[in-house]
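Take the sequence shown: its position 108, counted from the start at 1, is 108 in UniProt numbering, and no numbers get skipped.
Using N, Cα and C, we set each Cβ at its ideal position, and we do this for glycine too.
Here the structure is a predicted model, which means the values were calculated and not measured.
Structure record follows, encoded as structure tokens.
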Amino acid sequence: MPNCDESQRLPNTVLSVWQHTTDTATRMLVLPDGCRDFIIRSNHQGTSLHMLSPLDDGARYVESDRGDSYFGWRLHPAASFNQAHARSTKLIERLDNLTTQFPIDPQHHTAQILQVLDDAFDLDTQIVDALDSLKTRHSVPDSARELGVSERSLQRWLIQKTGRSPTYWRSLARARQAAQALLARMNLNQDKGNRMNLAELAADFAYADQAHLCREFQRWFGCSPSTMLRSPIYQELIMADGYA
């Protein structure tokens, strides 16, 4: 993906940009990261389309043909539609035109894409506060107390705002944090010649035991901790920008 220069700084609703091109027909792994991505997909025939990815509840695969190119802008977990702009005919026309033009000259059109995303999305500071609390507190009730609302009110409000419950966000944050810690400890243990202690990792992230940790890895990532340790693809996806 073209690097953003000073004139193309990312708006606060965009975490990062990415690009991927497939050399062969393949199934690409996607892991839940708490973010939606605005994506332009172009095939080898030059046909392009744009899409907004969903919030994922588990691992999934995307089928791609040889020569497919993906240009992605990862949105902040708290990014929400600006209702005044998101459904406007003019904005949709701009996106349609840019989707056709972007793969031809990405460098030239990057700033225009960022401007459209800045117009279409806002960063909701209340959602930011709620998600920040959920990723750092030990439980949903703890976050509700910190935010000064009842657990039930937080449940209703966050589902309305994000389409997902506080439990979803807390569980995803814990799983991603545990997975990132797993990879960090793998590197540390390799340097010291030590074995990985999954029971200790489970305790550090308030899982009941090692079996609970493994079930949550299977739920969110579709793999065991040992599989993740052996897979460069899983490791790259876990360390990518996202929630927590």
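Counting only the same chain and skipping the five closest in sequence on each side, list residues whose C-beta sits under 7 Å from that of residue i.
i: Leu117; result: Pro11, Thr13, Val14, Phe38 and Trp73
i: Ala240; result: Asp33
i: Arg60; result: Val30
i: Met186; result: Met196 and Leu229
i: Glu63; result: Arg27
i: Pro166; result: Leu134, Val140, Ser143, Leu154, Gln155 and Leu158
i: Leu198; result: Gln210, Leu213 and Pro225
One question on the structure: do residue i and residue j come within less than 9 Å of each other, judged by their Cβ atoms?
i: Gly163; j: Leu52; result: no
i: Thr110; j: Asp68; result: no
i: Tyr70; j: Arg27; result: no
i: Asp96; j: Tyr168; result: no
i: Arg94; j: Ser139; result: no
Using a Cβ-Cβ cut-off of 8 Å (strictly less than) and excluding sequence neighbours within five positions of residue i, which residues of its own chain qualify?
i: Thr227; result: Tyr234
i: Leu147; result: Asp129, Ala130, Ser133 and Leu154
Can you list, in chain order, the residues of its chain whose CB lies under 6 Å from that of residue i, leaving out five sequence neighbours each side?
i: Ala244; result: Lys135, Ala173, Arg176 and Gln177
i: Phe221; result: Leu31 and Ala59
i: Asp124; result: Ala78 and Ser80
i: Ala179; result: Ile238
Helix, strand or coil: which one does DSSP assign to residue i?
i: Gln19; result: strand
i: Leu183; result: helix
i: Asp5; result: Since pLDDT at Asp5 reaches only 45, below the 50 mark, its modelled position is unreliable, and the value read off the structure follows with that caveat. Residue state, collapsed to three classes: coil.
i: Ser171; result: helix
i: Tyr207; result: coil
i: His44; result: coil
i: Tyr61; result: strand
i: Pro166; result: helix
i: Met51; result: strand
i: Leu31; result: coil
i: Thr227; result: helix
For residue i, count neighbouring Cβ atoms within 10 angstroms of its own Cβ and tell me buried if that reaches 16, exposed if not.
i: His76; result: buried
i: Thr99; result: buried
i: Gly242; result: buried
i: Asp209; result: exposed
i: Glu216; result: buried
i: Ile113; result: buried
i: Arg9; result: exposed
Ranges of the alpha helix (DSSP H) found wholly within the region 70-151, counting only runs of at least 4: Counting whole runs of 4 or more residues, the region 70-151 contains the alpha helix (DSSP H) stretches 89-101, 106-120, 125-136 and 140-147.
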